[in-house]
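Peer 1: Going down the list, the protein sequences come from chains A and B. For what it's worth, this note's numbering labels the leading residue of the first sequence as 53, then goes sequentially. For what it's worth, this note's numbering labels the leading residue of the second sequence as 173, then goes sequentially.
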Amino acid sequence: MTDRIKKARQHTSQNEGLIFEKSAPGKRGTDLPPLDVPAVDTRELLGAEYARETIEGLPEVSEIEVIRHFTRLSTWNYAIDLGMYPLGSCTMKYNPRVNEFVARLDGIATEHPYQPPELAQGCLKILATLQQCLLEITGMDAATLQPAAGAQGEITGLLLIRACLGSRGNPRKKVLIPDSAHGTNPASAVIAGYEVENIRSDARGQLDVESLKELVSEDVAALMVTNPSTLGTFEPRIAEVAELLHSRGALLYMDGANMNALAGVARPGDFGVDVMHLNLHKTFSTPHGGGGPGAGPVLVKKHLEPFLPVPVLVEKDGRLALNANRPQAVGRVRAFAGNFGVLVRALAYTLAYGPGIRQATEDAVLNANYIRKALEDVYELPYASASMHEVVFSDARQKRFGVSTMDIAKRLIDYGFHPYTTAFPLIVPGALMIEPTESESKEECDLFVAAMRTIAEEAATEPEAVKTAPHSTRVGRLDEVAAARKPILRWKPKPSSEAAD
Amino acid sequence: MRYLPKSPSERREMLDAIGVRDIDDLFSSIPEDLRLQSPLRLPGPLSESELIQFFRERAAENAQGYSSFLGAGVYNHLRSVVTDAILQRGEFLTSYTPYQAEISQGTLQAIFEFQTLACELTGQEVANASMYDGSTAMTEAVLMAERLTGRRRVLVARSVHPEYRAVLATYARNLGLEIVEIGYAASGQVDIPALALAVNAETAAIVVQTPNFLGVLEPVTRVAQLAHDAAALAVVAIAEGVSLGVVRPPAEADIVALEAQSFGMAPNYGGPYAGVIATREKYVRQMPGRLAGQTSDAQGRRGFCLTLATREQHIRRERATSNICTNQALCALAATVHLCLLGKEGLRETAEQNVAKAQFALSELEKIPGVRRGLTGPVFNEFVIRLPRAVRLVNAQLVRERIIGPLPLGQFYPELTKCGLVCVTETTSRAEIERFASAVRRILDRPIRENLT
Numbered sequence: 053m054t055d056r057i058k059k060a061r062q063h064t065s066q067n068e069g070l071i072f073e074k075s076a077p078g079k080r081g082t083d084l085p086p087l088d089v090p091a092v093d094t095r096e097l098l099g100a101e102y103a104r105e106t107i108e109g110l111p112e113v114s115e116i117e118v119i120r121h122f123t124r125l126s127t128w129n130y131a132i133d134l135g136m137y138p139l140g141s142c143t144m145k146y147n148p149r150v151n152e153f154v155a156r157l158d159g160i161a162t163e164h165p166y167q168p169p170e171l172a173q174g175c176l177k178i179l180a181t182l183q184q185c186l187l188e189i190t191g192m193d194a195a196t197l198q199p200a201a202g203a204q205g206e207i208t209g210l211l212l213i214r215a216c217l218g219s220r221g222n223p224r225k226k227v228l229i230p231d232s233a234h235g236t237n238p239a240s241a242v243i244a245g246y247e248v249e250n251i252r253s254d255a256r257g258q259l260d261v262e263s264l265k266e267l268v269s270e271d272v273a274a275l276m277v278t279n280p281s282t283l284g285t286f287e288p289r290i291a292e293v294a295e296l297l298h299s300r301g302a303l304l305y306m307d308g309a310n311m312n313a314l315a316g317v318a319r320p321g322d323f324g325v326d327v328m329h330l331n332l333h334k335t336f337s338t339p340h341g342g343g344g345p346g347a348g349p350v351l352v353k354k355h356l357e358p359f360l361p362v363p364v365l366v367e368k369d370g371r372l373a374l375n376a377n378r379p380q381a382v383g384r385v386r387a388f389a390g391n392f393g394v395l396v397r398a399l400a401y402t403l404a405y406g407p408g409i410r411q412a413t414e415d416a417v418l419n420a421n422y423i424r425k426a427l428e429d430v431y432e433l434p435y436a437s438a439s440m441h442e443v444v445f446s447d448a449r450q451k452r453f454g455v456s457t458m459d460i461a462k463r464l465i466d467y468g469f470h471p472y473t474t475a476f477p478l479i480v481p482g483a484l485m486i487e488p489t490e491s492e493s494k495e496e497c498d499l500f501v502a503a504m505r506t507i508a509e510e511a512a513t514e515p516e517a518v519k520t521a522p523h524s525t526r527v528g529r530l531d532e533v534a535a536a537r538k539p540i541l542r543w544k545p546k547p548s549s550e551a552a553d
Numbered sequence: 173m174r175y176l177p178k179s180p181s182e183r184r185e186m187l188d189a190i191g192v193r194d195i196d197d198l199f200s201s202i203p204e205d206l207r208l209q210s211p212l213r214l215p216g217p218l219s220e221s222e223l224i225q226f227f228r229e230r231a232a233e234n235a236q237g238y239s240s241f242l243g244a245g246v247y248n249h250l251r252s253v254v255t256d257a258i259l260q261r262g263e264f265l266t267s268y269t270p271y272q273a274e275i276s277q278g279t280l281q282a283i284f285e286f287q288t289l290a291c292e293l294t295g296q297e298v299a300n301a302s303m304y305d306g307s308t309a310m311t312e313a314v315l316m317a318e319r320l321t322g323r324r325r326v327l328v329a330r331s332v333h334p335e336y337r338a339v340l341a342t343y344a345r346n347l348g349l350e351i352v353e354i355g356y357a358a359s360g361q362v363d364i365p366a367l368a369l370a371v372n373a374e375t376a377a378i379v380v381q382t383p384n385f386l387g388v389l390e391p392v393t394r395v396a397q398l399a400h401d402a403a404a405l406a407v408v409a410i411a412e413g414v415s416l417g418v419v420r421p422p423a424e425a426d427i428v429a430l431e432a433q434s435f436g437m438a439p440n441y442g443g444p445y446a447g448v449i450a451t452r453e454k455y456v457r458q459m460p461g462r463l464a465g466q467t468s469d470a471q472g473r474r475g476f477c478l479t480l481a482t483r484e485q486h487i488r489r490e491r492a493t494s495n496i497c498t499n500q501a502l503c504a505l506a507a508t509v510h511l512c513l514l515g516k517e518g519l520r521e522t523a524e525q526n527v528a529k530a531q532f533a534l535s536e537l538e539k540i541p542g543v544r545r546g547l548t549g550p551v552f553n554e555f556v557i558r559l560p561r562a563v564r565l566v567n568a569q570l571v572r573e574r575i576i577g578p579l580p581l582g583q584f585y586p587e588l589t590k591c592g593l594v595c596v597t598e599t600t601s602r603a604e605i606e607r608f609a610s611a612v613r614r615i616l617d618r619p620i621r622e623n624l625t
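1) Would you tell me roughly how many angstroms separate the C-alpha atoms of M144(A) and S493(A), rounded to the nearest one?
2) Using 8 Å for Cβ pairs, my map puts N147(A) next to T266(B). What's the rounded Cβ distance?
3) If you check the beta carbons only, do P460(B) and M310(B) fall under 8 Å apart?
4) Please state the DSSP three-state secondary structure of K79(A).
5) For A552(A), name the three-state secondary structure that DSSP assigns.
6) Taking the continuous alpha helix (DSSP H) assigned at I258(B), which residues delimit it?
7) Given this structure, state the Cα-to-Cα distance separating I229(A) from V527(B), to the nearest angstrom.
8) Counting only C-beta atoms, is G344(A) closer than 8 Å to chain B at any point?
9) Nearest to L478(B) by alpha carbon, out of V533(A), Q62(A) and T94(A)?
10) Report the rounded CA-to-CA distance for A552(A) versus K546(A), giving the unit in angstroms.
11) Check each residue of the segment 141-160 of chain A: if its Cβ is closer than 9 Å to any Cβ of chain B, include it; give the result in chain order.
12) Considering just the uninterrupted stretch of the alpha helix (DSSP H) at N250(A), what are its terminal residues?
13) Would you mind working out which of T508(B), S210(B) and A470(B) sits nearest E274(B), comparing C-alpha positions?
14) Going by beta-carbon coordinates alone, are N495(B) and E206(A) separated by less than 8 Å?
15) Taking only the alpha-carbon atoms, compute the straight-line gap between I290(A) and G324(A) and give it to the nearest angstrom.
16) If you count every other CB in all the chains shown that lies within 10 Å of the CB of T548(B), and 16 or more means buried, which is it?
17) So H355(A) contacts chain C; which residues on that side make the cut at Cβ distance below 7 Å?
18) Would you give the residue range spanned by the beta strand (DSSP E) that R473(B) belongs to?
19) What is the rounded straight-line gap between the Cα of Y610(A) and the Cα of M136(A)?
20) Going by DSSP, name the residue or residues bridged to N129(A).
21) Would T625(B) be called buried (16 or more neighbouring beta carbons within 10 Å of its own) or exposed?
22) Using three-state DSSP, classify Q258(A) as helix, strand or coil.
23) Output yes if chain B places a C-beta closer than 8 Å to the C-beta of T190(A); else output no.
24) Could you please tell me which residues of the segment 404-418 of chain A, in chain order, have their CB closer than 8 Å to any CB of chain B?
25) Suppose the cutoff is 8 Å on Cβ atoms and the five residues either side in sequence are ignored; what does the same chain contact list for V317(A) look like?
26) Which residues bound the beta strand (DSSP E) around Q204(A)?
27) Mind reading off the beta-carbon distance from M192(A) to V382(A)? Whole number of angstroms is fine, and I expect it under 8 Å.
28) Taking Cβ-Cβ distances below 8 Å as the criterion, which residues of the segment 190-217 of chain A are in contact with chain B?
29) Alpha carbon to alpha carbon, how far is T382(B) from E517(B)?
30) So the candidates are L537(B), K529(B) and A446(B); which of them puts its Cα closest to the Cα of I410(B)?
31) Tell me the DSSP secondary structure of Y467(A) in three-state form.
32) Which class does L173(A) belong to by DSSP, given the choice of helix, strand or coil?
33) Helix, strand or coil, according to DSSP, for K462(A) in the structure here?
34) Would T278(A) be called buried (16 or more neighbouring beta carbons within 10 Å of its own) or exposed?
35) Let me check one thing: in DSSP terms, what residues is R545(B) bridge-paired to?
36) What residues in its chain sit with their C-beta under 8 Å from that of A239(A), if we drop five residues either side in the sequence?
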């Protein structure tokens, strides 16, 4: 079996318990400089109502134990630095190391958000430059960099829509969301105080413009659309949709999750989008870090600018400042100026490419189409429309042997790859959603194709091997049902009678 | 371009394999008139050394080499190089959300440890894997209280961070929540009699922050009692986590929203940090955000996976407990490593140093004629001082001596125009404090007119 697996072979991985299980009284991993002012009895100063006696559960371990503990844990993770991460709609591209370096510079990482603007011109210039670049890339008119992630960008954008329509007399009631959309879209609409109306895609998986004409009533505030859609296909009638919405007094929101297919090639501002967000941890290469942090800047057309959350960047006599005094603003969506450290990395990424960002987009689309071509004879392609940066197959052919998209995904782990996105978008039963990004070489794409083709064969000839995968990891498939039924969400010390176990 | 791993001939080969003439054919699904006709006008491209140069120039335009006495929700604490060495391991830095548990055990176990640490710090039973920051964690805690109680009136102490309150107001506006602000007493603590009058059978939650924005510790036990007497929930925000090394945890609170920035995260001009929500076990199914849980595989080996996902947007969509997806995982990892390094004794010692330095700074400033302590309540590492003239005028002079002075409070509390918020931590040396105090003394000795020139 192993000679089929080109990219990986097994190696020893170290066992490691929880950090709390290594604790022993009196060990420590930090020494502080000696106190250079008179000591204070905190218990006496604060009094019984406020003073704390002990912090029982903090571990007591040395520095080397901390290093080994977390280094061992790290070796149990897959990562972009190890290889291709073909998660559809997640845009797991290379996270340039220089971005980490510049974000940590003294004078960048060390700055306090409340230091006076005359002592923060460097930070403000970073924000202003990034904002300018993002406006140029998207073709929009104004921006806020404050939202902490894509989902917060969505709620911010929807609040802008509510404020804008409200200022025209009626904020309206409903937001239309295609059935192919990411779950954050409907969840965000609800927090913005809107009802969600889910709309069906047409036979090609695209916006059904004819039925939209029926649906866009006086109650509809906006349509939230992801373009390219979660099928990885461009909405060809997007401009017509924007016109339809505008003619009925509604607005067009674009989820920019898939902007990696467009940067340098086409601009949402040119196809009628009123408001959109970007995910800087996708298109702009800031590291995912195991789930975050991200940043979700929101970009708008002129008519939405007065409502942008505070503070906004302003320039006066060549000096930059943050202005919080804007009467029509939707308010503040996060404390301070946003995930600044993430914004620094995104700017470093953008400056590294400059106008050449188009080449990254082209390579991303090239990789996705190369993989599509190489796999379309063995995996079912439910929608034949042209793929951009990602391709969505289904498990229809493998299902005949009892093998599901999740099984194929888990088997991919044995072949040295992270799984693709499974079971999403919801409009494709048993979806395999593959987004290679521009960061993959032809060699890595070929290895991926070889792995996927071999798994397709295995599904037919030895389905059990696929259904019980992965076989190479330190734990097998975990009992998620038990985890949810009786949740164990924290470590607890064993009662002292069992401590000897 | 150095990030792109393809040669021109490989690109050609791939186009041939696909069966298209050139790359533009792959974009033909975009209508012609929507395609860009000219290159974007962007600065760059920059090589690695040029990038570093660009950001070094920006750094030089900031406040390098200044002594700072700013806190107000963002604290400068010692950070070990060990934390950053761990954070920069590509396996943590460049991994995705741990949905595929078998190859994400490192991240998952670290989250489980983070959740445990957050519980230990706050005296709560369960904690999530992180929220964006303290302000959004507090806001989500209030929305959670609304779901749990079915009530819509929220009492918020005016001593809660003004920006946290502003975020809450933004979210509350469209959800029909009534926000009632409760003033503070001369101690700087929430006005308990006013709170007692305002709490009623419609109240979903009482929200306080401790230490509050003015640096004063809130009487959480009494606040929680008032809430519980009305069958409402007590929500406690904590922006300065290090205080928990010496301050009683808010164990009586029902929901705690903790900002973990103080644990290993640089000020970063406002982010990224990590919020966390901790609560009672019985409320876990109304909690927002990801959770890691312990389980096992078919061979009985211990492992961890994301759990209770039916609360979340990717399963529940418009009926989810929150729209949060991406969180602040790497920042939560920083907090985890930092707290493991500090340990039980290190956290206590750090907290004690903060208290001692703040008391020292306060006594040095109080020696200056005309300078008084602004509020009487117990403090941790921040306190309000009242100056004989506007804080902004004094600060403008301090900047000339490369000191960033107290945060002027008038912008948030018009009644505190001559008051400033002073923060000192274990990173502030005695010499810096003395230099700051003597500079303030000198500035106040001069007539205002001279200071204006």
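Glycine included, C-beta positions come from ideal geometry on N, C-alpha and C. Source: prediction; values computed, not measured.
Peer 2: Working from what's here:
1) Rounded to the nearest angstrom, the gap between the Cα atoms of M144(A) and S493(A) is 14 Å.
2) Confirmed, Cβ separation roughly 5 Å.
3) By the CB criterion at 8 Å, P460(B) and M310(B) fall outside the cutoff.
4) In this structure, K79(A) counts as coil in the three-state DSSP scheme.
5) Unreliable placement is indicated for A552(A), whose pLDDT of 40 sits below 50; no coordinate value is reported for it.
6) Residues V253 to L259.
7) About 53 Å.
8) Answer yes: the Cβ-Cβ gap between G344(A) and chain B drops below 8 Å somewhere.
9) Comparing Cα-Cα distances from L478(B) to each of V533(A), Q62(A) and T94(A), the minimum goes to V533(A).
10) Only weak support is given to the placement of A552(A): the predicted model assigns it a pLDDT of 40, under 50, and the value that follows is read from those uncertain coordinates. As the crow flies, the alpha-carbon of A552(A) is around 9 Å from that of K546(A).
11) Within the segment 141-160 of chain A, those residues whose Cβ lies closer than 9 Å to any Cβ of chain B are, in chain order, C142, M144, K145, Y146, N147, P148, R149, V150, N151, E152, F153, V154, A155, R156, L157, D158, G159 and I160.
12) Taken as a continuous stretch (DSSP letters only), N250(A) belongs to no alpha helix (DSSP H), being part of the beta strand (DSSP E) at E247 to I251.
13) When only C-alpha atoms are compared, the closest one is A470(B).
14) Inclusion of N495(B) and E206(A) in the CB contact set at 8 Å is warranted, their separation being smaller than that value.
15) In a straight line, the C-alpha of I290(A) is about 8 Å away from that of G324(A).
16) Exposed.
17) No chain C appears in the structure shown, which is made up of the protein chains A and B.
18) Counting along the chain, R473(B) falls outside any beta strand (DSSP E), and DSSP gives it neither H nor E.
19) Limits of chain A in this structure are 53 at one end and 553 at the other, which puts residue 610(A) out of reach.
20) In the DSSP output, where bridge partners are listed per residue, N129(A) has S276(B).
21) Reliability of the predicted coordinates at T625(B) is poor, the pLDDT of 48 falling under 50, and the value obtained from them is presented with this limitation in mind. That one is exposed.
22) Residue state, collapsed to three classes: coil.
23) Chain B, which has no Cβ nearer than 8 Å to the Cβ of T190(A), makes this no.
24) Residues of the segment 404-418 of chain A that bring their beta carbon within less than 8 Å of a beta carbon in chain B comprise A404, Y405, G406, P407, G408, I409, R410, Q411, A412, E414, D415, V417 and L418, in sequence order.
25) Same-chain partners within the cutoff: R410, T413 and E414.
26) Careful: Q204(A) lies outside any beta strand (DSSP E), inside the alpha helix (DSSP H) at G202 to S219.
27) M192(A) to V382(A), Cβ: 17 Å. No contact.
28) Cβ proximity to chain B below 8 Å picks out A200, A201, G202, A203, Q204, E206, I207, L211 and R214 from the segment 190-217 of chain A.
29) The alpha-carbon of T382(B) is positioned some 22 Å away from that of E517(B).
30) Here the closest residue by C-alpha is A446(B).
31) Coil at Y467(A), not helix or strand.
32) Checking the displayed sequence, the identity of residue 173(A) turns out to be Gln instead of Leu. Of the three classes helix, strand and coil, the one that applies to Q173(A) here is helix, per DSSP.
33) Here K462(A) sits in helix by DSSP.
34) T278(A) counts as buried, since no fewer than 16 other beta carbons sit within 10 angstroms of its beta carbon.
35) Answer is I557(B).
36) For A239(A), where only same-chain residues beyond five positions count, the Cβ hits under 8 Å are A203.
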